[in-house]
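Below is one structure; the comments refer to it alone.
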């Protein structure tokens, strides 16, 4: 939705944060489920399927792709729920710490390489500089535009 609204994509589901606490650009494509593509009026016939038997496709975003590292300002944890309406909670303290730590990609490698202290120091440097939100949306109906508008109205996303 955001790319279709003119925002630039920086990364998909995994982001690398460098020593300067900036998010490095990922690949200029997004992995999108077929139901989301349909909602965005994008046909999957010309897109590469991620894996056989899974209705998820690679959507190129070369035209709306950010090529420069950006300072991390917010982390948004997305959840689904079985009730109507969108909900948002800004996390602080230990909740904020745990969300960022628990969403470290392959955290078991951090432990296995005995890098917990370095990782903890990076988190201590990063966490005061960012906002962390837990945002919940109904699983159905799929309301991409409405959810995007909710995020834009409730989180300072740009700037």
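In the working numbering, the protein residues as written are -10 to 148.
The beta carbon of each residue, even a glycine, is placed where N, CA and C say it ideally should be.
State the Cα-Cα distance for the pair residue 49 and residue 39, rounded to the nearest angstrom. Translated into the one-based positions of the chain shown, residue 49 becomes position 60. Translated into the one-based positions of the chain shown, residue 39 becomes position 50. Cα-Cα distance, rounded: 12 Å.
Enclosing alpha helix (DSSP H) for residue 135 [first to last residue]: Within the chain shown, residue 135 is the residue found at index 146, counting from 1. Looking at the DSSP string, the run of the alpha helix (DSSP H) that includes residue 135 is 133 to 143.
Helix, strand or coil: which one does DSSP assign to residue 47? Position 58 of the chain shown, counted from the first residue, corresponds to residue 47. In the structure shown, the three-state DSSP call for residue 47 is strand.
Can you have a look at residue -2 and say buried or exposed, based on whether 16 or more other CB atoms are within 10 angstroms of its CB? Start at 1 with the first residue of the chain shown, and residue -2 comes out as number 9. Label assigned to residue -2: buried.
Checking 8 Å against the spacing of the C-beta atoms, do residue 58 and residue 127 come in under that value? In the chain shown, counting from the first residue as 1, residue 58 sits at position 69. In the chain shown, counting from the first residue as 1, residue 127 sits at position 138. Contact: no.
If you draw a straight line from the alpha carbon of residue 157 to that of residue 52, how long is it in whole angstroms? Since the first and last residues shown for the chain are -10 and 148, residue 157 lies out of range.
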